[in-house]
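A.B. asks: Below is the structure I would like to discuss, written out as structure tokens.
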Amino acid sequence: MKKSIFTEDRKYTFSDYFSMSASVKEIVTELGYSLFTQRIQLPQNLDYDKNIIEHLNRLYDTIFLKINLNSEFSKREFLISPLLIELAQLMDITIETENTIFVNDKLAGSFDYFVQGKQNLIVIEAKNKDIEGGFKQLAAELIALDCYDDLQNRPLLYGAITLGDIWKFAILDRHQKQLIKDINSYTIPHNTDEVFGVLMGILME
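Right, here's the structure in full:
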């Protein structure tokens, strides 16, 4: 019998998964799901004023040149927040930070960003340097959401892990109990329009 990755009688929060030695696949499997890595056809909405992207990229040029982005907090404040504020001005969405849920002793904690539109939602996890460790944490968060009764009307749950300048997306298929990790990465400011379009597409889908 394979040894569990979890320590008996210990409680785990989402942030504990970030530093786990177990792989993403081991974590997802032990929580009762399967993991796939593939190219995802993410929803996109490009029906917005392109001046928004020009404004964001000018802002990012200044930020990268003049601000020392040496922490998770600074990246959240200066790279992620401007993008979400522009989305909020365009759409009927709510943005919660440090939103906390409890499912059980293995699935509890808070999300960096919980963004909800009329039809869909996305969990955004911000990390400083380790995108793979961040994906372990994001996986646990999406699985916790799947177990959360209030959200049973949504067949897909979307998530993103970001270092501020790098974004990767994932989808949890709730019926198939599958977590799908996109092989694509998007960079800021080179792919600002694509990141913005994907976030907008998910929330409007």
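The sequence shown maps to residues 2 to 206 in the numbering used here.
Using N, Cα and C, we set each Cβ at its ideal position, and we do this for glycine too.
Given the structure is predicted, the values throughout are model-derived calculations rather than measurements.
#1: Please classify residue 7: does DSSP put it in a helix, a strand, or coil?
#2: Assuming residue 160 is part of the alpha helix (DSSP H), what are its boundary residues?
#3: For the region 189-199 and the region 44-51, state whether three or more C-beta atom pairs, one from each stretch, are separated by less than 8 Å.
#4: So, using beta-carbon positions, are residue 138 and residue 34 closer together than 8 Å?
#5: Under a Cβ-count criterion, where at least 16 other Cβ atoms within 10 Å of its own Cβ denotes burial, should residue 66 be classed as buried or exposed?
#6: Just to check, is the beta-carbon of residue 19 closer than 7 Å to a non-hydrogen atom of the ligand ADP?
#7: Nearest by alpha-carbon distance to residue 9: which of 171, 107, 174 is it?
#8: Whole angstroms is fine: what's the gap from residue 149's alpha carbon to residue 143's?
#9: Run through the region 31-62 for me and flag every whole beta strand (DSSP E) of 3 or more residues, listed as ranges in chain order.
#10: For residue 127, which of helix, strand or coil comes out of DSSP?
C.D. replies: Based on what the coordinates show:
#1: Here the question's residue 7 lines up with position 6 in the sequence shown. It is coil, neither helix nor strand.
#2: Position 159 of the sequence shown, counted from the first residue, corresponds to residue 160. Looking at the DSSP string, residue 160 is not in any alpha helix (DSSP H); the run it does join, the beta strand (DSSP E), is 157-163.
#3: yes
#4: As a first step, residue 138 is located in the sequence shown; it is residue number 137 there, counting from the start. As a first step, residue 34 is located in the sequence shown; it is residue number 33 there, counting from the start. Contact: no.
#5: Position 65 of the sequence shown, counted from the first residue, corresponds to residue 66. Counting Cβ neighbours within 10 Å, residue 66 comes out exposed, since fewer than 16 surround it.
#6: Ligands in the displayed structure: none, and consequently the ligand ADP is not present.
#7: Counting from one through the sequence shown, the residue named residue 9 turns up at place 8. Ranking 171, 107, 174 by Cα distance to residue 9 puts 107 first.
#8: Residue 149 sits at position 148 when you count from the first residue of the sequence shown. Residue 143 sits at position 142 when you count from the first residue of the sequence shown. In this structure, the straight-line span from the alpha carbon of residue 149 to that of residue 143 is close to 10 Å.
#9: 35-39
#10: By one-based count along the sequence shown, residue 127 stands at place 126. Reduced to three states, the DSSP call for residue 127 is strand.
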